[in-house]
Every structure is written in structure tokens, then in C-alpha cells.
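Worksheet for the structure shown next.
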Amino acid sequence: MLESLEKMLAAGKDSAMLRFGLGKGYLDAGDAPSAAFHLRRCVEQDPGYSAAWKLLGKAHQASGDTASARLAWERGLVAARQRGDKQAEKEMQVFLRKLDRG
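Position 43, counted from 1, in the sequence shown is what UniProt numbering calls 43; the numbers after and before it change by one each time, with no gaps.
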């Protein structure tokens, strides 16, 4: 799957959805830095993509960068509220509470 998505990207078919797919694929494969790279590009293209913010936070957390994870989830909460994405909002609130507890 990742290979076909990378081929689409190389062919110039860049989009927020493609970047989200790449980010999720790399995160699922355990490559948090590559996941974070693509998810950052995703939210640059679509700042309201709350699911991407959620995964970006997870990628940063998996890389040990809790400050960046917090920032991504905080920005994701704003996006989720603007879009009415209650599920993503609830999940990111839980992630932030867990960070606060250490």
C-alpha cells in the first residue's frame, strides 16, 4: 500500500488525503518520523483535517516529542470543534489529559 501511495505522490498527485494515507501507513508500520513528515504536509494543505492532527500527535508522541504531540492535539481540537468532529475532539482531549498526568 505505501509503495503505491508513494508512486502517486511521485507522479505529482499530492493531496491532503494522500498525505493522510501515507502518514497513517507509516505510523502503522512503526516509522513515526516519516508519518509525522507526511501528516505535517497534510495539515498544511488542509488545516481543518482533525483526523490528521490526531495522528500527527500520535506520531510525535511515538517519536518521544511530547511537546509537539501536545501542540498537534491542541490545534486538532480547534479543527475538530470547527468541523463538529466530536469523536476526534473527545479522543484528543483524552490524549492531552494522559500527557498532563505524565
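All C-beta atoms in this analysis are idealised placements derived from N, C-alpha and C, irrespective of residue type, glycine included.
{"Check": "Residue 53 versus residue 4 - alpha carbon distance", "Outcome": "23 Å"}
{"Check": "Cβ-Cβ distance between residue 41 and residue 19 below 8 Å", "Outcome": "yes"}
{"Check": "Distance, residue 7 Cα to residue 151 Cα", "Outcome": "Any question about residue 151 goes unanswered here, given that the chain covers just 1 to 102."}
{"Check": "Whether residue 60 touches residue 68 by CB criterion (8 Å)", "Outcome": "yes"}
{"Check": "Cβ pair residue 9, residue 22 closer than 8 Å", "Outcome": "yes"}
{"Check": "Coil, strand or helix - residue 28 by DSSP", "Outcome": "helix"}
{"Check": "Beta-carbon proximity check, residue 33 vs residue 79, cutoff 8 Å", "Outcome": "no"}
{"Check": "Spatial neighbours of residue 16 in its chain, beta-carbon cut-off 6 Å, leaving aside the 5 residues before and after", "Outcome": "42, 45, 46 and 49"}
{"Check": "Whole alpha helix (DSSP H) elements within the stretch 38-62, 4-residue minimum", "Outcome": "50-62"}
{"Check": "Inter-residue Cα distance where the pair is residue 70 and residue 90", "Outcome": "14 Å"}
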